[in-house]
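**Student:** Sequential numbering from 408 applies to the sequence shown in my numbering. Even glycine gets a Cβ: it sits at the ideal position worked out from N, Cα and C. Got a structure for you, written out below as structure tokens; questions coming shortly.
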Amino acid sequence: MEVKDILQSYRVKNGLTQEQLAQKVFVTRQAVSRWESGETSPNQETLKALSKIYGVSINTLLGSPRKLVCQCCGMPLEDDYISKETDGTFNEEYCKWCYGEGKFVYASIDELVDFLMEHSANGQLPKEESRRFYETELSKLRHWRKD
């Protein structure tokens with residue numbers, strides 16, 4: 408589905424006219440019409456506002472061009488799992504279990520690895536090897552990288 412079609416479908420699904428949506432995001436009705444015809448696209452700030460109004464990520468509004476992964480634990484992200492900031496906007500970098508209301512749950516990579524070791528059902532690798540695997544893979548994620 409194209410971005411223009413996604414934008415129109417969310418507007419219609421939320422029972423809004425182009426005029427009503429325009430008022431909510433402080434643009435003209437013509438701007439909304441141009442998005443829905445594919446002539447133009449909303450800017451970043453407007454996409455944030457639309458994301459908040461519709462309760463979906465910007466990635467979803469854009470047709471999911473990126474495969475989102477939590478940059479703390481590595482979990483694939485869908486809209487139901489994406490964390491939110493204190494103002495209700497999506498934070499597409501983290502899952503809701505690692506980050507919420509402006510705070511990270513895990514203070515260190517060791518704390519996260521301890522949690523994963525306790526809750527994983529993988530009995531195929533010895534514990535030391537599992538721990539090394541988690542530490543190696545997690546350290547590749549943006550939140551834990553030491554660049």
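Taking buried to mean at least 16 other C-beta atoms within 10 Å of its own C-beta, is VAL419 buried or exposed?
**Tutor:** By the neighbour-count rule (16 or more Cβ atoms within 10 Å), VAL419 is not buried but exposed.
**Student:** Over the uninterrupted alpha helix (DSSP H) stretch that includes ASN498, give me the two end residues.
**Tutor:** ASN498 -> not in any alpha helix (DSSP H); beta strand (DSSP E) instead, spanning 497-502.
**Student:** In whole angstroms, what is the alpha-carbon distance linking LYS474 and LEU484?
**Tutor:** The straight-line gap from Cα to Cα measures roughly 8 Å.
**Student:** What beta strand (DSSP E) runs, 3 residues minimum, are completely inside the stretch 512-547?
**Tutor:** Correct list: empty.
**Student:** Within 10 Å of its beta-carbon, does SER490 have 16 or more other beta-carbons around it, so buried, or fewer, so exposed?
**Tutor:** Flag for SER490 reads buried.
**Student:** Does the distance from the C-beta atom of PHE540 to that of LEU532 stay below 8 Å?
**Tutor:** Result yes, Cβ atoms of PHE540 and LEU532 sit closer than 8 Å.
**Student:** Could you tell me which residues DSSP puts in a beta bridge with ILE489?
**Tutor:** For ILE489, which the question treats as bridged, DSSP gives the partners CYS502.
**Student:** Ordered along the chain, which non-local residues of its own chain (more than five positions away) have a Cβ less than 6 Å from that of LEU545?
**Tutor:** If we look at LEU545 and ignore the five residues flanking it on each side, its Cβ neighbours are ILE516, TRP551.
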